[in-house]
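Residue numbers (my numbering): 5 to 265. These notes concern the structure reproduced below.
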Amino acid sequence: MYPPFQIRGRVALIVYSYLLAHYHDKLDDSVVCSFLALVQDRSQGKPIQFITGRQEFRGLELEVTPDVLIPRPETELIVEEALRCVSTKQPVLVDLGTGSGCIAVALAVELPQARIFAVDLSGPALEVAKKNASRHSLSGNIHFLKGDLLSPLQTFNLEEKIDCIVSNPPYVSENDFPKLQREVRQWEPKLALLAANNGLEIYSRLIPQARSYLKAGGYLVVEIGFNMRDEVCALLGPGWQLSRIREDLNRIPRVVVAQKL
Ligand SMILES: C[S@@+](CC[C@H](N)C(=O)[O-])C[C@H]1O[C@@H](n2cnc3c(N)ncnc32)[C@H](O)[C@@H]1O
Numbered sequence: 005m006y007p008p009f010q011i012r013g014r015v016a017l018i019v020y021s022y023l024l025a026h027y028h029d030k031l032d033d034s035v036v037c038s039f040l041a042l043v044q045d046r047s048q049g050k051p052i053q054f055i056t057g058r059q060e061f062r063g064l065e066l067e068v069t070p071d072v073l074i075p076r077p078e079t080e081l082i083v084e085e086a087l088r089c090v091s092t093k094q095p096v097l098v099d100l101g102t103g104s105g106c107i108a109v110a111l112a113v114e115l116p117q118a119r120i121f122a123v124d125l126s127g128p129a130l131e132v133a134k135k136n137a138s139r140h141s142l143s144g145n146i147h148f149l150k151g152d153l154l155s156p157l158q159t160f161n162l163e164e165k166i167d168c169i170v171s172n173p174p175y176v177s178e179n180d181f182p183k184l185q186r187e188v189r190q191w192e193p194k195l196a197l198l199a200a201n202n203g204l205e206i207y208s209r210l211i212p213q214a215r216s217y218l219k220a221g222g223y224l225v226v227e228i229g230f231n232m233r234d235e236v237c238a239l240l241g242p243g244w245q246l247s248r249i250r251e252d253l254n255r256i257p258r259v260v261v262a263q264k265l
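Have a look at this one:
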């Protein structure tokens with residue numbers, strides 16, 4: 005009667021006492037079938053977050069679907085760094101490749117006066133991001149725009165007006181893609197993962213675009229993949245000053261912060 009896995013502490017007590025108290029209850033067949041279908045999904049590699057439809061990011065519960073990348077803990081570093089960069093009372097920020105909206109929503113929570121633009125090439129991802137903003141009563145703080153890189157900003161007259169551009173872009177190369185774990189490779193959107201030019205394609209197009217939209221002294225904060233520090237830093241030309249590089253908990257350089265000169 006005990007489940008075939010180890011659970012300890014208070015949770016174990018609750019589970020075991022529930023099972024003892026309901027030992028003679030008969031489970032409805034439809035409940036058993038739904039549960040077995042979920043177990044089968046998981047056994048085929050479906051990430052638990054796509055089964056529950058939820059993931060936490062900086063203490064915020066977010067909806068996730070297979071249309072978006074599951075927010076990763078290291079991406080919280082982008083939010084920390086962006087918060088260090090903005091000093092004005094009503095900053096303008098852009099989250100490029102917003103996906104689930106995790107970064108934009110977390111920034112809007114911390115900076116209620118900010119004007120935030122969240123851009124993605126994927127319409128279905130933007131729908132998830134909008135729901136997450138609404139779930140946290142932040143729909144009025146974030147403008148969601150569909151398009152390639154910063155091109156959707158053209159109609160907003162924002163050249164040289166943005167304080168900070170943040171991005172966790174796709175950065176997995178074609179070569180590295182087959183080495184990803186099954187949960188990622190088979191279930192998360194390829195548009196969120198893969199980038200041409202050895203994983204550097206988005207950085208190489210974004211950096212010059214970011215320069216035209218940032219104020220002098222504004223910041224670009226980007227997440228980078230394993231071993232990409234030197235290549236991404238080399239893409240920053242003379243118009244930039246490298247401010248810092250943040251390592252993640254595994255001591256891997258993970259976030260590059262650069263200031264427009
Ligand atoms: C690595 S995911 C990041 C999602 C989310 N910001 C996060 O950190 O969890 C990259 C996102 O960039 C979007 N994307 C890919 N290419 C793009 C492009 N050319 N322009 C705008 N968004 C793009 C993808 O659809 C995806 O949502």
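A virtual CB, placed ideally from N, CA and C, is assigned to each residue, including glycine.
query: So, is residue 102 buried or exposed, given that buried needs 16 or more other C-beta atoms within 10 angstroms?; result: buried
query: Check whether the segment 129-137 touches the segment 156-166, counting contact only when three or more Cβ pairs, one atom from each stretch, lie closer than 8 Å.; result: no
query: What is the rounded straight-line gap between the Cα of residue 262 and the Cα of residue 252?; result: 17 Å
query: Under 6 Å Cβ to Cβ from residue 208, same chain only, skipping five residues before and after it: list those, please.; result: 239
query: Buried or exposed: which applies to residue 79, given that a residue is buried once 16 or more other Cβ atoms fall within 10 Å of its Cβ?; result: buried
query: State the beta-bridge partners of residue 223 as determined by DSSP.; result: 168 and 263
query: Going by C-alpha distance, which of 97, 171 and 63 is nearest residue 162?; result: 97
query: Based on Cα-Cα distance, which residue from 222, 255 and 256 lies nearest to residue 247?; result: 222
query: Less than 7 Å separating the Cβ of residue 106 from some heavy atom of ligand 2?; result: Absence of ligand 2 from the depicted structure is noted, with ligand 1 being the only ligands included.
query: Please return the same chain residues whose Cβ sits closer than 8 Å to the Cβ of residue 140, not counting the five positions on each side in sequence.; result: 64, 109, 112 and 113
query: Pull up the CB-CB distance for residue 117 and residue 93, whole angstroms please, since I reckon it's below 8 Å.; result: 6 Å
query: Flag this pair as yes or no: are the beta carbons of residue 227 and residue 179 separated by less than 8 Å?; result: no
query: Shorter than 7 Å, the distance from the beta carbon of residue 195 to the closest heavy atom of ligand 1, or not?; result: yes
query: Could you say which of 182, 15, 225 and 201 lies nearest to residue 88 if we only look at CA atoms?; result: 225
query: Excluding sequence positions up to five away, which residues of its chain have a Cβ less than 7 Å from the Cβ of residue 106?; result: 61, 66, 75 and 79
query: Identify the residues that DSSP records as bridge partners of residue 147: which are they?; result: 121
query: Just reading off the beta strand (DSSP E) that residue 67 is part of, what are its end residues?; result: 64-67
query: Using a Cβ-Cβ cutoff of less than 6 Å, which residues in the same chain neighbour residue 53 once the five nearest sequence positions on both sides are dropped?; result: 59, 68 and 74
query: Have a look at 205, 181, 232 and 50 and flag the residue whose alpha-carbon is nearest the alpha-carbon of residue 194.; result: 181
query: Grouping DSSP H, G and I as helix and E and B as strand, with all else coil, what is residue 158?; result: helix
query: Considering only heavy atoms of ligand 1, does any lie closer than 7 Å to the CB of residue 126?; result: yes
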